[in-house]
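Before any comments, here is the structure.
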Amino acid sequence: MRRVALVAATAMAATLLAVPANAAPAAVTLVPYPIDSSNQAAWWSPLDTYNAYAYLAFNEPGAQAGTHKVAIARRDGAGNWTKLPVMNGSAQAEYTDDDGHNQPSIARDGSGRFHVFASMHNNVWRYFRSDTVGGSPTLHSADLPDQGIGVTYPVLTTAPNGDLYLIARLDGVQSAGRSGRLYRWDNAASTWTRVAVFAESANRAVYPDDLQFDAAGNLHILWEWGLWPATAFRHQLSYLVYQPSTGTFSDHSGASVAVPVSTGTADVIQPVETGEVYQGDDGTGPAVQSAKLTLDGSSPKVAYRYRSSSNFNVRYAYVSGAAWARETVYDAAQTSAAVDITWDGAKRVYFSTTAGAMYVATKPGTAWTTAAVAPGLNITRFAVERTSAGVDVLYLVDLTNLRLYYGRN
Numbered sequence: 002m003r004r005v006a007l008v009a010a011t012a013m014a015a016t017l018l019a020v021p022a023n024a025a026p027a028a029v030t031l032v033p034y035p036i037d038s039s040n041q042a043a044w045w046s047p048l049d050t051y052n053a054y055a056y057l058a059f060n061e062p063g064a065q066a067g068t069h070k071v072a073i074a075r076r077d078g079a080g081n082w083t084k085l086p087v088m089n090g091s092a093q094a095e096y097t098d099d100d101g102h103n104q105p106s107i108a109r110d111g112s113g114r115f116h117v118f119a120s121m122h123n124n125v126w127r128y129f130r131s132d133t134v135g136g137s138p139t140l141h142s143a144d145l146p147d148q149g150i151g152v153t154y155p156v157l158t159t160a161p162n163g164d165l166y167l168i169a170r171l172d173g174v175q176s177a178g179r180s181g182r183l184y185r186w187d188n189a190a191s192t193w194t195r196v197a198v199f200a201e202s203a204n205r206a207v208y209p210d211d212l213q214f215d216a217a218g219n220l221h222i223l224w225e226w227g228l229w230p231a232t233a234f235r236h237q238l239s240y241l242v243y244q245p246s247t248g249t250f251s252d253h254s255g256a257s258v259a260v261p262v263s264t265g266t267a268d269v270i271q272p273v274e275t276g277e278v279y280q281g282d283d284g285t286g287p288a289v290q291s292a293k294l295t296l297d298g299s300s301p302k303v304a305y306r307y308r309s310s311s312n313f314n315v316r317y318a319y320v321s322g323a324a325w326a327r328e329t330v331y332d333a334a335q336t337s338a339a340v341d342i343t344w345d346g347a348k349r350v351y352f353s354t355t356a357g358a359m360y361v362a363t364k365p366g367t368a369w370t371t372a373a374v375a376p377g378l379n380i381t382r383f384a385v386e387r388t389s390a391g392v393d394v395l396y397l398v399d400l401t402n403l404r405l406y407y408g409r410n
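Listed below in structure tokens is the structure:
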């Protein structure tokens, strides 16, 4: 079985791990539930916060090797943990492992209901929602539009008014490509609708990365393009803004954009570089693999993993004048697929190496500097969310020892 038991989990969960003063977070604590080895991804949104509460969606060990069950770990303001099973009828939702594809994404709507999308790699919807505020989610797949189509990489976020927005990739034929689609949960009406097919290009597949609301209530969307039907290495990291108030789309300059955009019309953050070509899983040339975004007001800040030579480095992109500007944050040891970014008046770029060392990079002057996030822990997958109270909450995965940690920076 591809999992190990947690030793003295209850006792360890209450133990805080001290971190040097120049590092972040100030404290990390073990979540007192075992995780499955399939609990790993770079694109997911497995973390949500509300006031002093944190909700961590995760895969826990299944009934047999090669399977996992879906659950939520909930932490209250006093640091107490409870576990909510994600239910498929009378049994907890359980699926076959598919590393890198079937991890859960979660969001809490304005009414306090949990929404979980889990274990979809070209599968029809596997969607769960709480029937009572704060209750265990139950199966509601039939509530989604676009039934009967394979779905992959669901990423979702909560709007300022309590609605939810979801992006995902849906299957399609080679001549049309695998599209990126945007959906909305109307919290007042308790209904899902499809907003738009926002990206589609022949012989290409969309890889959703992130979506975030700005202070004005506009939704910023981030994704990559891969060679159809699928590949580990992607290109042309792209960006789009959706205005719910008008139902229109625009690029980083505010210019109106017709959707779906294609590889030829998208607002590209990371263009194809010299020697870079669309490649399959055996490719060795320049490529993008994962990305996340944050906002300074309405201005996007993007962190992403890019291979320019033999190693995947970490890059940072932002709008400068009328164009995208790019900087290299880190280019030493090989990085892992996970990356994230927050903004607190200055950017914080989170990344980890394949050796399991996790860092946060800042730029206090003219050069990027790094500090260890959780010394002594082997972290190669993670997610970060900045709360309204100005705290970076961290979801940290140790795949070597199969442990999930919660942190605050």
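End of the sequence shown sits at 410 in our numbering; the numbers just go up one at a time, nothing left out.
All C-beta atoms, glycine included, are put in the ideal place defined by N, C-alpha and C.
Please read these numbers as outputs of a predicted model, since none were measured by experiment.
Exercise for review: Just grab the DSSP bridge partners of Pro-105 for me.
Suggested key: Per DSSP, none; premise fails for Pro-105.
Check your understanding: Comparing alpha-carbon positions, which option in Leu-85, Gly-63, Ala-66 lies nearest Leu-57?
Key -> Leu-85
Practice item. Please report the residue range of the beta strand (DSSP E) in which Trp-344 lies. Key: 336 to 344
Review point. Apart from the five residues just before and just after Leu-400, which ones in its own chain have a Cβ nearer than 7 Å to its Cβ?
Key: Ser-38, Gln-41, Thr-381, Arg-382
**Study point:** Inter-residue Cα distance where the pair is Ala-25 and Leu-220
**Key:** Since pLDDT at Ala-25 reaches only 44, below the 50 mark, its modelled position is unreliable, and the value read off the structure follows with that caveat. About 29 Å.
Exercise for review: Name, in chain order, the residues that DSSP records as bridge partners for Phe-115.
Suggested key: Arg-109
**Study point:** Coarse secondary structure for Ala-24, derived from DSSP in three states
**Key:** Here Ala-24 scores only 44 on pLDDT, less than 50, and its place in the model is too uncertain to base an answer on.
Point to revise | Own chain residues within Cβ distance below 6 Å of Glu-1, not counting five before or after | key: Here the chain has residues from 2 to 410 only, and residue 1 is not among them.
Review point. In the DSSP assignment, what are the bridge partners of Thr-354?
Key: Thr-336
Exercise for review: Please confirm if the region 153 to 169 is in contact with the region 96 to 112, defined as three or more CB-CB distances below 8 Å between the two stretches.
Suggested key: yes
**Study point:** For Trp-224 and Arg-205, believed in contact at Cβ under 8 Å, the rounded distance
**Key:** Their Cβ separation, rounded to whole angstroms, is 11 Å, which puts Arg-205 and Trp-224 out of contact at 8 Å.
Check your understanding: In three-state DSSP terms, what is Ala-304?
Key -> strand
Practice item. Tell me, please, whether the region 204 to 218 touches the region 286 to 299 by the rule of three or more beta-carbon pairs shorter than 8 Å. Key: yes
Practice item. Have a look at Tyr-208 and His-236 and give me their C-alpha separation to the nearest angstrom. Key: 10 Å
Check your understanding: Taking C-beta to C-beta, are Ile-222 and Ile-270 nearer than 9 Å?
Key -> no
Point to revise | Cβ-Cβ distance between Val-361 and Asn-410 below 9 Å | key: yes
Check your understanding: Where does Ser-263 fall in DSSP's three states?
Key -> coil
Point to revise | C-beta atoms of Ala-92 and Tyr-34 nearer than 9 Å | key: no
Point to revise | Val-394 classed as buried or exposed, judged by whether at least 16 other C-beta atoms fall within 10 angstroms | key: buried
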